[in-house]
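> Quick one: this structure, given as structure tokens, is what I'll be asking you about.
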Amino acid sequence: MPILRLKDIRDMSGEDRRKRLTELRTELVRLRTMIKAGGAVENPGRVHELRKTIARVVTVESELRSAKETLTKGKKKESKKV
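Just so you know, my numbering puts 3 at position 16 of the sequence shown, and the rest follows in order with no gaps.
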């Protein structure tokens, strides 16, 4: 599974982002389990890449959520003033 770029993450729908986040977390757990068990991992740098990609996806989700909350708060304030 290739690592996602920020532009690709932003272009995804919310459902696709959540699905991809679940897949990335599952792969990270699998790799960490292999490392703990003493098995050889094909690409140890993949753990670092997965962690960074997970952080990117979570950050985009958070940004969108806070933007949505800001919009709804702005509308509530305007309606109270009228």
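Beta carbons are placed, not taken as given, at the ideal position from N, Cα and C, and that holds for glycine.
1. In the structure shown, what three-state DSSP assignment does Gly32 receive?
2. Could you check whether the segment -5 to 9 touches the segment 36 to 51, counting it as contact only if at least three pairs of C-beta atoms, one from each stretch, sit closer than 8 angstroms?
3. Since Glu56 and Leu37 should fall inside the 8 angstroms C-beta cutoff, what is the C-beta to C-beta distance between them, to a whole number of angstroms?
4. Hey, out of Arg19, Ala42, Ala24, whose CA is closest to Pro31's CA?
5. Quick check on DSSP: helix, strand or coil for Ile(-10)?
Checking against the coordinates, here is how it stands:
1. Helix at Gly32.
2. The count of Cβ pairs closer than 8 angstroms, one atom from the segment -5 to 9 and one from the segment 36 to 51, reaches three, so the stretches are in contact.
3. The pair is not a contact, with the Cβ atoms about 29 angstroms apart (cut-off 8 angstroms).
4. Checking every option, the nearest Cα to that of Pro31 belongs to Arg19.
5. When secondary structure is reduced to three states using DSSP, Ile(-10) falls in the coil class, being assigned neither helix nor strand.
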